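Asker:
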Amino acid sequence: MGTREEAIDDLILALIYLTRFNDREGIPFNEMAWKNYDFDAIARLDMEDLIINPKNRRGGSYKYAYLTEKGRAKAREILGTLGVADFGLYERFEFEPVSPEFAEEAAEIEQICFPANEACTPQHMKERIDVASDLFLVARDCENNGKIAGFLNGIATNEYRFKDEFFTDAGTHDPDGKNIMLLGLDVLPEYRKMGLARELVYNYCRRERERGRKRLVLTCLPDKVKMYKKFGFNDMGESASEWGGEKWHEMDIRLSF
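Per the working numbering, the sequence shown runs over residues 789 to 1045.
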């Protein structure tokens, strides 16, 4: 049997999770919730790295808090024990990194999701996973034997702008790089229009911010700019990329508070 304080902390964490919404400061993946709860519990949750209390990071007075990935995981566990339904995607899908054995399946998904002139080759995908598997994030469908429904991947670098060499040369990956060049957001056709792409991006942003990364950078075709803006990316204009013989826009999102 837990203590009264532990029960208060668990219930407040679950409430913060259930009432979270997109950051009104313009960074959607920074989901926040009002924290008009027991102040001591807020302090304890912050100390346990379950939430981020902006007051402790910036000073001043803030009436909201952010959940960490550790806090999200614990909140979902609490809701499970209480029999409370979660947001549908998180009941159905698990978001996790990959192992090197994923290369062949990733290449097959890439060929389905992109036309031949844009898709990464199986060899380049294998080389990328060999050196940067920790920069892949997959969504597994728990209702379909763990089938991979989609993934997001990239490599790390200290370079600021996007180069086509990132697609083909895994040697450009710097494990300590502060910027992530995103090389593909793949969602299988049968899993589209569910919000899965958005959750892959948000989970990826939060994970890489907690690892100390500064920016995510991507290129996309003009008709995708609006979608990525909704995800929180800034349009930097036309890219120097000539990948696949297409014209691309370069976009980025800053991860730091």
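In this text, a Cβ means the ideal position worked out from N, Cα and C, and glycines have one as well. This one's a predicted model, so the numbers in the text were calculated from it and none came from an experiment.
Skipping 5 residues on each side, what residues in its chain have a beta carbon closer than 8 angstroms to that of Val-1013?
Answerer: Translated into the one-based positions of the sequence shown, residue 1013 becomes position 225. Once the five neighbours on either side are set aside, the close Cβ partners of Val-1013 are Asp-1023, His-1037, Met-1039.
Asker: What separation, rounded to the nearest whole angstrom, lies between the Cα atoms of Ile-840 and Asn-905?
Answerer: Reading the sequence shown from its first residue, position 52 is the one you call residue 840. Reading the sequence shown from its first residue, position 117 is the one you call residue 905. Their Cα atoms are separated by approximately 43 angstroms.
Asker: Using the beta-carbon count (16 or more within 10 Å), is Ser-887 buried or exposed?
Answerer: Against the sequence shown, residue 887 aligns to sequence position 99. Classification of Ser-887: exposed, given that the 10 Å Cβ count is below 16.
Asker: Tell me the DSSP bridge mates of Val-975?
Answerer: As a first step, residue 975 must be located in the sequence shown, where it is residue number 187. Note: Val-975 sits in a beta bridge opposite Gly-938.
Asker: Determine whether the beta carbon atoms of Asp-929 and Ala-920 lie at a separation below 7 angstroms.
Answerer: One-based indexing of the sequence shown puts residue 929 at position 141. One-based indexing of the sequence shown puts residue 920 at position 132. No, the pair does not count as a contact, with Cβ atoms beyond the cut-off.
Asker: Take Pro-885 and list the residues in its own chain whose beta-carbon comes closer than 8 angstroms to its own, dropping the five residues that flank it on each side.
Answerer: Counted from its first residue, the sequence shown places residue 885 at position 97. Same-chain partners within the cutoff: Ser-921, Asp-922, Phe-924, Leu-925, Val-926.
Asker: Counting C-beta neighbours from all protein chains within 10 Å, is the total for Leu-1004 16 or more, i.e. buried, or is it exposed?
Answerer: As a position in the sequence shown, residue 1004 is number 216, starting the count at 1. Burial call: buried.
Asker: Which same chain residues, not among the five before or five after Thr-1007, have their C-beta less than 6 angstroms away from its C-beta?
Answerer: For the purposes of this step, residue 1007 is identified with residue 219 of the sequence shown, where counting begins at 1. Counting only Cβ-Cβ distances below 6 angstroms, and skipping sequence neighbours, we find Phe-950, Ser-1027, Ser-1029, Trp-1036, Glu-1038.
Asker: Between which two residues does the alpha helix (DSSP H) holding Ala-1028 run?
Answerer: Taking the first residue of the sequence shown as 1, we reach residue 1028 at position 240. Looking at the DSSP string, Ala-1028 is not in any alpha helix (DSSP H), and its letter there is neither H nor E.
Asker: Express the C-alpha separation of Leu-1009 and Gly-1025 in angstroms, rounding to a whole number.
Answerer: Against the sequence shown, residue 1025 aligns to sequence position 237. Against the sequence shown, residue 1009 aligns to sequence position 221. One C-alpha to the other measures close to 11 angstroms.
Asker: What is the DSSP secondary structure of Glu-884, counted as helix, strand or coil?
Answerer: In the sequence shown, residue 884 corresponds to position 96, counting from 1. Of the three classes helix, strand and coil, the one that applies to Glu-884 here is strand, per DSSP.
Asker: Any chance you could list the beta strand (DSSP E) runs of at least 3 consecutive residues sitting entirely within the segment 899-939, in chain order?
Answerer: List check, beta strand (DSSP E) in window: 924-929.
Asker: Name the residue from Gly-934, Pro-963, Lys-1018, Phe-809 whose alpha carbon lies nearest to the alpha carbon of Glu-947.
Answerer: Taking the first residue of the sequence shown as 1, we reach residue 947 at position 159. It is Pro-963.
Asker: Using only CA atoms, which one of Tyr-850, Leu-855, Ile-800 lies nearest to Asp-828?
Answerer: The sequence position of residue 828 within the sequence shown is 40, counting from 1. Nearest C-alpha to Asp-828: Ile-800.
Asker: Is the Cβ-Cβ distance between Leu-833 and Asp-797 less than 7 angstroms?
Answerer: Translated into the one-based positions of the sequence shown, residue 833 becomes position 45. Translated into the one-based positions of the sequence shown, residue 797 becomes position 9. It is a contact, given that the beta carbons lie within the stated cut-off.
Asker: If contacts are defined as beta-carbon pairs under 8 angstroms, then Tyr-805 and Arg-860 qualify, I think. What distance do you get, rounded to the angstrom?
Answerer: Within the sequence shown, residue 805 is the residue found at index 17, counting from 1. Within the sequence shown, residue 860 is the residue found at index 72, counting from 1. Contact flag correct, Cβ pair sits at about 7 angstroms.
Asker: At what residues does the beta strand (DSSP E) containing Glu-1038 begin and finish?
Answerer: Residue numbering aside, residue 1038 sits at position 250 when the sequence shown is read from its first letter. Taken as a continuous stretch (DSSP letters only), the beta strand (DSSP E) holding Glu-1038 covers 1037-1042.
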